[in-house]
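The structure appears right after this line, and notes come after that.
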Amino acid sequence: MSHPSPEAIADVIVVGAGPAGACAAYHLARRGRRVALLDRTAFPRDKSCGDAVTRAGIALLAEMGALELLPSAWPVRGLRVTMRGHAPREFRDAAGPERDGLVVPRALLDDALVRLAVAAGAQLRERVRVRRLVQEDGVVRGVEAGGRLLRAPVVIAADGAASALSRQAGLTATPPGGLGYALRAYVEDVHGLDHLLEFMAPLTDAGARHWLPSYGWAFPTGPTSANVGVGLVERVPNARSDALFAAFLEELRTGDPRFRGMRPAGARRGAPLRFDFSPHRCWAPGLLLAGDAAGMISPFTGEGISFALESGKLAAEVADERLADPRDLSRYARLLSGRFQGYFETGQHAAERHRLVWHVLDDTFDSERPIYALVRRAALAPEGMAGFGSSGVLTDARPLLDPAVGVGAELVEVGELLAETMRPDWPFLTRLPALSSGSFQLSVRPALMVLLAARFGDWRRPELTSLAAAVELAGLAGLAQSGVPDRPSDEGRPNWGTMFAVLVSDVMLARALGLCADGDLVPELARIVEEACTSRMRELRAGRFPSPGDRLALMGRTGPAALFAAAGELGARVSGADEAVAAALGDAGRGLGLCLQLADDVARLLGGTDRLGRDARADLEEEITSYPLLLALREDPELARLLARADSSADELVRRCARTGMAAEVAERARRLADEASAGLATLADGPATRSLAALLTHAASRVEREVLMGARTGDGSPRVPPARVTTRTFSAGKL
Amino acid sequence: MSWVTHEPCVRRLERLGPLLEETLASEDEHLSEVARHLVAQGGKRLRPALVFLSAEFGPRVDEDVLLRAAAAIELLHVATLYHDDVMDRAESRRGAPSTHARWGQAAAVTAGTYVFARAMRLLGGLDRPVPAWAGQAVLALALGQLQETENAYNAGHQVARYLEVSVRKTASLFELSCRAGAALSGADEDACEALGLYGRALGLAFQAVDDVLDVTADAALLGKRPGSDLREGVYGLPTLMALAHGAEAEQERLRALLALDSPDDGDLAEARELILGSGAVAHATAVADHYADEAVSAAQRLPDRPARRALVQLCHHLVLTGR
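Residue numbers (the working numbering), protein chains in the order written: chain A, 1 to 736; chain B, 1001 to 1323.
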């Protein structure tokens, strides 16, 4: 046990007063700790950054009372991404009680945060240059600054991407590719910017023959001003960030009318970028790293302020708690990895992984196939964006379940197992919604079906959790494979999207088998996969336009219906229920899966979005025409021509579908499917699980009705989410 | 079949074909047809041969079990071919149009997964620890492929990391074949270990030879276009050797060619010439020889039986085809 030595200047020394450091100092001071906040400059001061704080960060600013100090900050409600040669896409914040994101110059933001830390009781020491850490017996005991030793039980290093302290502690090394670099400037006289962050990637060189791991941004700081900049994710031979920056500005000026008259305001600034966060390297005895010093920047969007704030707050929490014995700060690593698992690729593969994901994003930017929609969202959309869990599309299953059924804890366990299983192979994949924590885990999903079905036998069998996780992975693998188009879009180029889909599905299937190995469930899982393949083959061969009845029959054997049916059957069988019970649960699962899919399919065609956040553009692209669309087609044969054209508009599809009687028929069909499945439940013993399944079925059918009602309310079927289709522009960065 | 003359092995290989086709039967005829496309064309069946030869070092053999294990491992391999060909956009395989060229990518991927599931079903029925080993090999295959793809177009790919990929993506199934054959025949631990080492080294030698062939062989021998790995950004051993050991100016030129976003046939031909001219093929061949020697010395630790001579012969044959 170490005690604060008498000469300690504080309980905690925080080095660096940017958002991470100031936030840590604030929270420590609020907890009654003595904090010394050191910075080499004096505030206010300018800083190179994109200045954007997304929703996750806004909540932390609000908690500190910072928003009141930032009246001029420009609200932003989403992100518009332009990838070379593709039409832009928008990721809008979901409507809800949360506040807007903000763009606020770091000169203002950091000053406000430092003042709040001081007001809370932190002792600010400006113009202090920290030379090094002071370590005794392998424990950090303070820092040396200005020729003096400053002692404290805990040091929080928030000294930025180039963190000398983390390097001294052996917690960072320059990655093989060298650090990335970003440059930014403020510009004025920009016109027509709205409340969206603009993001362009990747930048290419003049002849567009070289692809650079890079991005550009233009973030509005006010009605006519913006922060514009470029980031180069890794060092690339012959690529210079200043040339990239100049070319990017030129491109904006000549290619985008909004930027035609822009003038620079103030100096250009640059800073290194680090994306190498690893939970294993965020602390040492007596030392915690926060923000950029821990390498916490999104490699895809450069977002860093919200990570900085959150890691600062968590560092404060852990420092406070471990002050008496700060040798073991490993809880900080656990907190960070639990919170940010999937945001950062760690280890030696990081650079290659990022490159692969960039290629996939680039290759599939126009595609609405499920796996690409998921990856795009996982990589580009900050938390709180419209979509999973926040748009009201995902159903929180909990209120539908009988209180006595008690599967919540098991569902969370399945989620943890999934994340644990996939994380070692590819942390990024754990951000796919089905694998991430939160609302998706508690939604109506195959794992829930497995657990409910197991309630009809011995539900305490230990292999049930693994089985539930394996069924989820198999389902995702199937979803990934359905992303493989029948023909490559461009014969002459690598098909990154297809490669990704195949790789992801193979890794997930391998992991699913691994989960099944212990319980001798491999043959069971193999059988599900075989059945899925057989049905998929039939579906592919049925062509684009089978009769609606045939489609419905195929639907019952593929996709969610097959998955939920298998989940019900297997859950029952593995828990020892008899075959008749397993069959009834299989039917219930099939009915549930069918209703879920009908709700998704009809939602898109009526101008809404499905559970994956996709709109009617997906229907233009898919080789498999949905049941609702086939019904509409029967009434309006013109739709076939619309589907055959490459340049059809989703709006027109929605308008035409709204004029048919398709919606009412789908609602009726869903109601009947749910009723049939419910009737099957009547053969089972009454109890919490039976009642829960009945409630889920009723809910799924009523979701179809709700979608139909919402579609009818918009009248002509005009889209509820305006699709983002603007002119296509290519971003290149001139000659390098 | 000059690469294996061991009588029991040859006999078993003859019985394997029908079992493979039978295993891939599906109630859906179209699926049966697509899923049998590759096994119907034959192929060397190297991995089953390893299962059979390895089973000669144990006291007992249940013919049916052994055949099933060999079929399962061959099917695991075949399943990866379906998926690899789609990913690499290979036009042909074993001299015939590739599955996706004939039936489309979606069908080819689905059939590959079906083949995989059938293999797992067979493996699941085998005695422990074979199913667990197979599970590890399957994961290694998937991760190896992932690692290869994420290093596509990476001219900075290190030879050491390349070997890591080869161990996973190629050597793991060779090793599994040998270990499964040994375990199912009740071979002792020393034999299992020696056979495992043999399989792993043989796999690495095989991969090196395969890489060399991609730059040296002509289309007729290869059954596909030479240099196709280069076009797909899959830098094999000769390419990595040329990048590491070639003359400075040539290295730089090669790097520049490989950095092109979409190289044309001329660019690729020039890159191939640079690799051939750099002496890298000799380096890569030396690596293949090194692992072949390792395989042979592992085999020498086995009792002297006809199967041991067959394993050595098989290794020599594989490495010499690269010349």
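Cβ atoms here follow ideal geometry from the backbone N, Cα and C, with glycine treated the same way.
Is there a C-beta anywhere in chain B that falls below 8 angstroms from the one on G16 of chain A? So no, G16 of chain A is outside the interface.
Secondary structure at P1303 of chain B, three-state DSSP: helix, strand or coil? Coil.
Counting C-beta neighbours from all protein chains within 10 Å, is the total for K1044 of chain B 16 or more, i.e. buried, or is it exposed? Exposed is the call here.
Between the alpha carbons of G18 of chain A and R40 of chain A, how many angstroms are there, rounded? The alpha-carbon of G18 of chain A is positioned some 11 angstroms away from that of R40 of chain A.
Drop a sphere of 10 angstroms on the beta-carbon of D51 of chain A, count the other beta-carbons inside from all chains shown, and report buried for 16 or more, exposed for fewer. By the neighbour-count rule (16 or more Cβ atoms within 10 Å), D51 of chain A is buried.
Rounded Cβ spacing between L629 of chain A and L605 of chain A (contact assumed at less than 8 angstroms): L629 of chain A to L605 of chain A, Cβ: 6 angstroms. Contact.
Can you look up D396 of chain A in the DSSP assignment and give me helix, strand or coil? In the displayed model, D396 of chain A falls within a strand according to three-state DSSP.
Apart from the five residues on each side of it in sequence, which residues of its chain come closer than 6 angstroms, Cβ to Cβ, to M1241 of chain B? So the qualifying residues of the chain are A1280, H1283, A1284.
Contact set between P485 of chain A and chain B, taken where Cβ atoms lie within less than 8 angstroms: The contact set of P485 of chain A on chain B, defined by CB atoms closer than 8 angstroms, consists of Q1105, A1106 in chain order.
Can at least three beta-carbon pairs, one atom from the stretch 224-235 of chain A and one from the stretch 143-162 of chain A, be found at a separation below 8 angstroms? No, the stretch 224-235 of chain A is not in contact with the stretch 143-162 of chain A.
Helix, strand or coil: how does DSSP classify S390 of chain A here? With a pLDDT of 36 at S390 of chain A, under the threshold of 50, the modelled position of this residue cannot be trusted, and the question is left open.
Count the other C-beta atoms from every protein chain shown that fall within 10 angstroms of the C-beta of Q1207 of chain B, then say buried if there are 16 or more, exposed otherwise. Q1207 of chain B is buried by the Cβ-count criterion.
Using a Cβ-Cβ cut-off of 8 angstroms, state whether A517 of chain A counts as contacting chain B. Closer than 8 angstroms to some Cβ of chain B, the Cβ of A517 of chain A qualifies, so yes.
Which residues DSSP lists as bridging L186 of chain A, in chain order: Note that residue 186 of chain A corresponds to Tyr in the displayed sequence, not to Leu. Per DSSP, the beta-bridge partners of Y186 of chain A are A:N227, A:A265.
For T421 of chain A, which of helix, strand or coil comes out of DSSP? In the structure shown, T421 of chain A sits in a helix (DSSP, three-state: H, G or I).
Contacting positions in the stretch 528-539 of chain A - beta carbon closer than 7 angstroms to chain B: Those would be V529, E530, C533, T534, R536, M537, R538, in chain order.
Based on DSSP bridge pairs, tell me the residues matched to S214 of chain A. Paired residue(s): A:L232.
Where R493 of chain A falls, given that 16 or more other Cβ within 10 Å makes a residue buried: Classification of R493 of chain A: exposed, given that the 10 Å Cβ count is below 16.
Quick one: what's got a C-beta closer than 8 angstroms to A1247 of chain B's C-beta in the same chain, skipping five residues either side? Cβ neighbours of A1247 of chain B beyond the five flanking positions: S1278.
Residue closest to T224 of chain A, alpha-carbon to alpha-carbon, out of A:E188, A:V450, A:D256: When the alpha-carbon of T224 of chain A is set against those of A:E188, A:V450, A:D256, the nearest one is in A:E188.
Measure the C-alpha to C-alpha separation of A480 of chain A and V522 of chain A and round it to an integer number of angstroms. Taking the straight line joining both Cα atoms gives about 21 angstroms.
Say whether chain A places a C-beta atom closer than 8 angstroms to the C-beta of Y1235 of chain B. Cβ-Cβ to chain A under 8 angstroms: no for Y1235 of chain B.
Which residues of chain A have a Cβ atom closer than 7 angstroms to the Cβ of T1149 of chain B, listed in chain order? Around T1149 of chain B, the beta-carbon contacts reaching into chain A at under 7 angstroms are L356, M499, L503.
Using 10 angstroms around the beta-carbon of A1205 of chain B, count the other beta-carbons present and answer buried if the total reaches 16, otherwise exposed. A1205 of chain B comes out buried.
Taking the C-alpha atoms as reference points, what is the distance between G715 of chain A and L709 of chain A? Reliability fails at G715 of chain A, whose pLDDT of 47 lies under 50, so the model's placement of it is uncertain and the value that follows must be treated cautiously. Each residue's CA atom was taken as its position, placing G715 of chain A and L709 of chain A some 10 angstroms apart.
Going by C-alpha to C-alpha distance, which of B:L1013, B:A1286, B:L1213, B:A1191 sits closest to R1301 of chain B? When only C-alpha atoms are compared, the closest one is B:A1191.
Can you pull the chain A residues whose beta carbon is under 7 angstroms from the beta carbon of D1028 of chain B, in chain order? Neighbours of D1028 of chain B on chain A, chain order: T534, M537, R538.
Relative to chain B, which residues along the stretch 558-577 of chain A have a C-beta separation below 7 angstroms, given in chain order? Answer in chain order: no residues at all.
Taking Cβ-Cβ distances shorter than 8 angstroms, what residues in chain A pair up with S1172 of chain B? Result: empty, since nearest Cβ-Cβ is about 11 angstroms, beyond 8 angstroms.
Please list, in chain order, the residues of the stretch 1131-1143 of chain B that have any C-beta partner in chain A closer than 7 angstroms. If the cut-off is 7 angstroms between Cβ atoms, the stretch 1131-1143 of chain B has P1131, A1132, G1135, V1138, L1139, A1142, L1143 near chain A.
Taking the alpha carbon of I371 of chain A as the reference point, which residue from A:D396, A:G266, A:M499, A:E410 has its own alpha carbon closest? Its Cα nearest to that of I371 of chain A, the residue A:M499 stands out among A:D396, A:G266, A:M499, A:E410.
What residues of chain B sit near R541 of chain A, judged by a beta carbon separation below 7 angstroms? Correct list: H1030.
In terms of residue numbering, what span does the alpha helix (DSSP H) encompassing I9 of chain A cover? That residue, I9 of chain A, is in no alpha helix (DSSP H); it is neither H nor E in DSSP.
For A1117 of chain B, return the contacting residues in chain A, with the cut-off set at a CB-CB distance below 7 angstroms. What A1117 of chain B touches in chain A: A526, V529, E530, C533.
Strictly under 8 angstroms for the Cβ-Cβ distance: is L513 of chain A near chain B by that measure? Closer than 8 angstroms: yes.
Three-way DSSP call (helix, strand, coil) for M449 of chain A in this model: Of the three classes helix, strand and coil, the one that applies to M449 of chain A here is helix, per DSSP.
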